[in-house]
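Notes to accompany the following structure.
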Amino acid sequence: MITTDEIREKYLNFFKEKSHYEIPASPLVLEGDPTTLFTSAGMQPLIPYLKGEPHPKGRRLCNSQPSIRLQDIDEVGDNRHTTFFEMLGNWSLGDYFKKEQLAWFWEFLTDILSLPKDKLYVSIFEGLKDERGKVVVPKDEESYKVWLSLGVPEERIFFYGSEKNWWSRSGEPISMPEGEIGGPDSEVFYDFGKPRHEGCHPNCDCGRFLEIGNSVFMEYEKKNGKLVFLPEKNVDFGGGLERLSMAANNIEDIFLTDPYLGVVRALEGISGIKYDDNNRNRSFRVIADHLRASVNILSEGIYPSNKLHGYVLRRLLRRSFLHFYFLCGFSDWKLDEIVLTLESNEKIKKNIEFVQELIKEEELKFRRILDRGIKIIEKAVRDGVKIDGKFAFDLYQNEGFPWELTLEISQEKGLNLVSDVKDQFKKEFEKHQEISRKASVGVFKGGLADHSYEVVKLHTATHLLHSALRKVLGDSVSQKGSNITSERLRFDFSFPRKLSDEEIRKVETLVNKVITDKLPVSWEEKKLEDAIEEGALHFFAEKYGDVVKVYTVGDPKGGYFSKEVCGGPHVKNTSELGYVRIIKQEKLGQTAVRIYAVNEEKK
Ligand code: SER
187 MITTDEIREK
197 YLNFFKEKSH
207 YEIPASPLVL
217 EGDPTTLFTS
227 AGMQPLIPYL
237 KGEPHPKGRR
247 LCNSQPSIRL
257 QDIDEVGDNR
267 HTTFFEMLGN
277 WSLGDYFKKE
287 QLAWFWEFLT
297 DILSLPKDKL
307 YVSIFEGLKD
317 ERGKVVVPKD
327 EESYKVWLSL
337 GVPEERIFFY
347 GSEKNWWSRS
357 GEPISMPEGE
367 IGGPDSEVFY
377 DFGKPRHEGC
387 HPNCDCGRFL
397 EIGNSVFMEY
407 EKKNGKLVFL
417 PEKNVDFGGG
427 LERLSMAANN
437 IEDIFLTDPY
447 LGVVRALEGI
457 SGIKYDDNNR
467 NRSFRVIADH
477 LRASVNILSE
487 GIYPSNKLHG
497 YVLRRLLRRS
507 FLHFYFLCGF
517 SDWKLDEIVL
527 TLESNEKIKK
537 NIEFVQELIK
547 EEELKFRRIL
557 DRGIKIIEKA
567 VRDGVKIDGK
577 FAFDLYQNEG
587 FPWELTLEIS
597 QEKGLNLVSD
607 VKDQFKKEFE
617 KHQEISRKAS
627 VGVFKGGLAD
637 HSYEVVKLHT
647 ATHLLHSALR
657 KVLGDSVSQK
667 GSNITSERLR
677 FDFSFPRKLS
687 DEEIRKVETL
697 VNKVITDKLP
707 VSWEEKKLED
717 AIEEGALHFF
727 AEKYGDVVKV
737 YTVGDPKGGY
747 FSKEVCGGPH
757 VKNTSELGYV
767 RIIKQEKLGQ
777 TAVRIYAVNE
787 EKK
């Protein structure tokens, strides 16, 4: 068996020998990137360079990037989907292109990993036409020729459209927002060799084929609603390390590769249940994936909470606890010990005690929820209360009790349960979301718990500072975090160095001018996409609902000073503020700055 560590090392050495510089992996939470909660691809931190900015380390880069993709969360439980994975990547920033990329990846697969050539299939972009039949992006004949020249037989080369062979962070060309980059790609698939049905092809999801690497030819950008060429032709390659390990070891189940095996075996030991092809496998897999993801998130210093990253973390942990309960019941809760069987990198090793402690803490909270919920269910059963979707929803809403468990427990108790608890629960859940959207004081509270007048004023001052900082330091400044007490505001933003005295003075002057100009502060509710279109600043876009509040300082139709997606509340007019003064600044790592400011009495 070749280990994932060995595969990673071989891959990086292979590309380093081909003059690539190994850039360090980025954190799972990218500073100053509001487009996604977590790093989901190795290319994400490289966007400015793919757009043409020169990279300090040259035109050939490679690395291994821990990534999280939450859209796969519901699919975790089969033999290949995970939320967390490590992505091997290599990039050409306007240097080599299709010929070299495809040949090198092929050499890596067939020479270095010794994959049998006849188990490999490839896919290519078939081209894109508009409604009138005019070619928007041509068919990728070049890749076709390269694959043939490498000895891939015609019958193992497949052409697909934008749905399969176009890559951007937001999918097909049509859904790419303004400024997004993308391009046609060519993927390689490993054949597990068991024909399962007539007409099976690499992209069919019967499980015979597994995608193990994607070479994106990053050439396009969306501008004014159209695809235009980027300044350079780039390559963005990404391949899931764990999937490469499945192929290299000819193992069909990702959870039997080494990153997960320790957890699976430990769970077998505790539960006495064998990891086998039965319906318990789902629980093993959810625990193994979610724990691995959680440990990686925790070791970056993110705590479980009810917001943003912390919320996702809590959800991942609670789902793994729930499945642990399914496997082991209430005994032997040893998840903090099980995490020790996960492979660890330096970051995890350094933080392991803290990680274990937090897992233990969350586990205790969850056990209390279980205890309380189970008692409520038992009482309901005694009282003859109907346990249905509404009941499950209330229990979830009031106690945080997972509906899957309500279902399971009621089944265990032999109740003649309404079979559609799940659907009913969903309906209740959607109804509730709708109500809270309508009644909302803002879908996104901006992290403000204290709505005292002092805090509200400082909140408006935060918006003013954000805009003023961008005006003085440039548009690369974006909010990373904000925290307000009644005494002061704290604002973290992406910027590589401390501000000069002159810059601070300029920012303060701009802000205080807006205050003396007595500008109105107003808000409107609109669709998130419309808000973004209008240029409203937004932070962690995907956490907002469809409809958001947009706060404007000045005339919303034009000439305003600041426009930002925010739940509020804010003052009605800037004249309510006094004099905003920056009292302190600190550098946060290499890429961010923290400032503190106060709102002083008017002089
Ligand atoms: N960006 C592409 C992907 O994530 C290739 O790196 O699949």
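Following our numbering from start to finish, the sequence shown increments by one per residue and tops out at 789. Backbone N, C-alpha and C define an ideal beta-carbon position, used for all residues, glycine too.
Can you give the Cα-Cα distance for valine 374 and methionine 404, rounded to whole angstroms?
Counting from 1 along the sequence shown, the entry for residue 374 is found at position 188. Counting from 1 along the sequence shown, the entry for residue 404 is found at position 218. If I take the Cα positions, the gap works out to 17 Å.
Since leucine 484 contacts leucine 544 with CB under 8 Å, what's their CB separation in whole angstroms?
As a working note, residue 484 is residue 298 in the sequence shown. As a working note, residue 544 is residue 358 in the sequence shown. Distance from leucine 484 to leucine 544 at the Cβ level is roughly 6 Å; contact confirmed, criterion being Cβ atoms closer than 8 Å.
Would the C-beta of tryptophan 333 count as close to ligand 1, meaning under 7 Å from any of its heavy atoms?
Stepping through the sequence shown from its first residue, residue 333 is reached at position 147. Flag unset: Cβ of tryptophan 333 not near ligand 1.
Can leucine 774 and aspartate 678 be called in contact, C-beta distance under 8 Å?
Working through the sequence shown from its first residue, we reach residue 774 at position 588. Working through the sequence shown from its first residue, we reach residue 678 at position 492. Yes, the pair counts as a contact, with Cβ atoms nearer than the cut-off.
Is the beta carbon of threonine 646 sitting closer than 8 Å to the one on leucine 528?
In the sequence shown, the residue the question calls residue 646 occupies position 460. In the sequence shown, the residue the question calls residue 528 occupies position 342. It is not a contact, given that the beta carbons lie outside the stated cut-off.
Cβ-heavy atom distance, alanine 227 to ligand 1, below 7 Å:
In the sequence shown, residue 227 corresponds to position 41, counting from 1. Flag set: Cβ of alanine 227 near ligand 1.
Glutamine 776, buried or exposed, once every other Cβ within 10 Å from all chains shown has been counted against 16:
Walking along the sequence shown from the start, residue 776 turns up at place 590. Under this definition glutamine 776 is an exposed residue.
Between which two residues does the alpha helix (DSSP H) holding valine 450 run?
Here residue 450 is taken as the residue at index 264 of the sequence shown, counted from 1. For valine 450, the enclosing alpha helix (DSSP H) covers residues 444–457.
Cβ shell of histidine 387 (< 7 Å), same chain only, five flanking positions each side left out:
In the sequence shown, residue 387 corresponds to position 201, counting from 1. Answer for histidine 387: Phe344, listed in chain order.
Identify, in the order they occur along the chain, each residue of the same chain with its Cβ nearer than 7 Å to the Cβ of leucine 819, setting aside the five sequence neighbours on each side.
Given a span of 187 to 789 for the chain in the structure shown, any question on residue 819 remains unanswerable.
Proximal residues to alanine 452 (C-beta, below 6 Å), its chain only, five neighbours per side dropped
Counted from its first residue, the sequence shown places residue 452 at position 266. These residues qualify, in order along the chain: Ile524, Thr527.
Mind listing, in chain order, the continuous beta strand (DSSP E) runs of no fewer than 3 residues lying wholly within the region 381–415?
The region 381–415 contains these whole beta strand (DSSP E) runs: 395–409.
By DSSP, does serine 491 sit in helix, in strand, or in coil?
As a working mapping, residue 491 is identified with position 305 in the sequence shown. Secondary structure of serine 491 (DSSP, three-state): coil.
Under 7 Å Cβ to Cβ from tyrosine 235, same chain only, skipping five residues before and after it: list those, please.
Here residue 235 refers to the residue found at position 49 when the sequence shown is read from its first residue. Sequence-distant Cβ neighbours of tyrosine 235 in its own chain, meaning closer than 7 Å and more than five residues away, are His241, Leu279.
Glycine 275: beta carbon under 7 Å from a heavy atom of ligand 1?
By one-based count along the sequence shown, residue 275 stands at place 89. The nearest non-hydrogen atom of ligand 1 is less than 7 Å from the C-beta of glycine 275.
Between which two residues does the alpha helix (DSSP H) carrying isoleucine 193 extend?
If you number the sequence shown from 1, residue 193 lands on position 7. Per DSSP, isoleucine 193 is one residue of the alpha helix (DSSP H) stretching across 190–203.
Got a sec, what are the start and stop residues for the beta strand (DSSP E) asparagine 435 sits in?
To locate residue 435, count along the sequence shown from 1; it is residue 249. It is not in any beta strand (DSSP E) - asparagine 435 carries neither H nor E in the DSSP assignment.
What does a CB cutoff of less than 7 Å around glutamate 454 pick up in its chain, not counting 5 residues either side in sequence?
Indexing the sequence shown from 1 puts residue 454 at position 268. Closer than 7 Å at Cβ, skipping near neighbours: Lys460, Tyr461.
Assuming serine 253 is part of the beta strand (DSSP E), what are its boundary residues?
Your numbering for residue 253 matches position 67 in the sequence shown. Per DSSP, serine 253 belongs to the beta strand (DSSP E) from 246–254.
Using the rule of at least 16 other Cβ atoms within 10 Å of the residue's Cβ for burial, across every protein chain shown, is aspartate 475 buried or exposed?
Translated into positions along the sequence shown, residue 475 becomes position 289. Counting every other CB atom within 10 Å of its CB across the protein chains shown gives aspartate 475 a total of 16 or more, marking it as buried.
N-terminal and C-terminal residue of the alpha helix (DSSP H) that leucine 484 is part of:
As a working note, residue 484 is residue 298 in the sequence shown. Counting along the chain, the alpha helix (DSSP H) containing leucine 484 begins and ends at 467–484.
Environment of histidine 756 [buried if 16+ CB atoms lie within 10 Å]:
Residue numbering aside, residue 756 sits at position 570 when the sequence shown is read from its first letter. Here histidine 756 is buried. Its C-beta has 16 or more other C-beta atoms within 10 Å.
Can you tell which of Ser329, Lys533, Glu438, Trp352 has the C-alpha that lies nearest to the C-alpha of proline 210?
Counting from 1 along the sequence shown, the entry for residue 210 is found at position 24. Measuring from the Cα of proline 210, the nearest candidate turns out to be Lys533.
When every heavy atom of ligand 2 is checked, does at least one fall within less than 7 Å of the C-beta of aspartate 422?
Only ligand 1 can be found as ligands here, which leaves ligand 2 out of the picture.
Does the beta-carbon of valine 402, which I'm using as the reference point, lie nearer than 7 Å to any heavy atom of ligand 1?
Taking the sequence shown and counting its residues from 1, one reaches residue 402 at position 216. Valine 402 has its Cβ nearer than 7 Å to a heavy atom of ligand 1.
Under 8 Å Cβ to Cβ from isoleucine 188, same chain only, skipping five residues before and after it: list those, please.
Position 2 of the sequence shown, counting from 1, holds the residue named residue 188. Once the five neighbours on either side are set aside, the close Cβ partners of isoleucine 188 are Leu299, Ser431, Ala434, Asn435.
Examine ligand 1 and report whether any of its heavy atoms sits within less than 7 Å of the Cβ of tryptophan 290.
Counted from its first residue, the sequence shown places residue 290 at position 104. Tryptophan 290 Cβ: outside cutoff for every heavy atom of ligand 1.
Contact between the region 344–361 and the region 388–400 is defined here as three or more beta-carbon pairs at a separation below 8 Å; is this criterion met?
Look at the beta carbons and you see the region 344–361 touching the region 388–400: at least three pairs across the two are nearer than 8 Å.
Relative to the C-alpha of glycine 424, which residue among Ser250, Val323, Lys237 is closest?
Here residue 424 refers to the residue found at position 238 of the sequence shown. Ranking the options by Cα distance to glycine 424, first place goes to Ser250.
Could you check where the beta strand (DSSP E) with glycine 667 kicks off and where it finishes?
By one-based count along the sequence shown, residue 667 stands at place 481. Start and end: 665–670.
Does DSSP put valine 629 in a helix, in a strand, or in coil?
For the purposes of this step, residue 629 is identified with residue 443 of the sequence shown, where counting begins at 1. Reliability of the predicted coordinates at valine 629 is poor, the pLDDT of 25 falling under 50, and the value obtained from them is presented with this limitation in mind. In the structure shown, valine 629 sits in coil (DSSP, three-state: anything other than H, G, I, E or B).
From Leu334, Phe510, Gly357, residue whose alpha carbon lies closest to that of valine 136
One cannot answer for residue 136 here, as it falls past the ends of the chain, which runs 187 to 789.
Any heavy atom of ligand 1 inside 7 Å of the beta-carbon of proline 353?
Start at 1 with the first residue of the sequence shown, and residue 353 comes out as number 167. Inspection of the sequence shows that residue 353 is occupied by tryptophan rather than by proline. Because some heavy atom of ligand 1 lies under 7 Å away, the Cβ of tryptophan 353 counts as near it: yes.
For tryptophan 709 versus valine 739, is the C-beta spacing smaller than 8 Å?
The sequence position of residue 709 within the sequence shown is 523, counting from 1. The sequence position of residue 739 within the sequence shown is 553, counting from 1. With respect to the 8 Å criterion, tryptophan 709 and valine 739 are not classified as neighbours on the basis of their beta carbons.
Separation of leucine 591 from leucine 556, as counted between CA atoms:
The residue you call residue 556 lines up with position 370 of the sequence shown. The residue you call residue 591 lines up with position 405 of the sequence shown. Between the alpha carbons of leucine 556 and leucine 591 lies a distance of about 9 Å.
Considering only their Cβ atoms, is the gap separating tryptophan 290 from leucine 232 smaller than 8 Å?
Working through the sequence shown from its first residue, we reach residue 232 at position 46. Working through the sequence shown from its first residue, we reach residue 290 at position 104. In this structure, tryptophan 290 does not lie closer than 8 Å to leucine 232 by Cβ.
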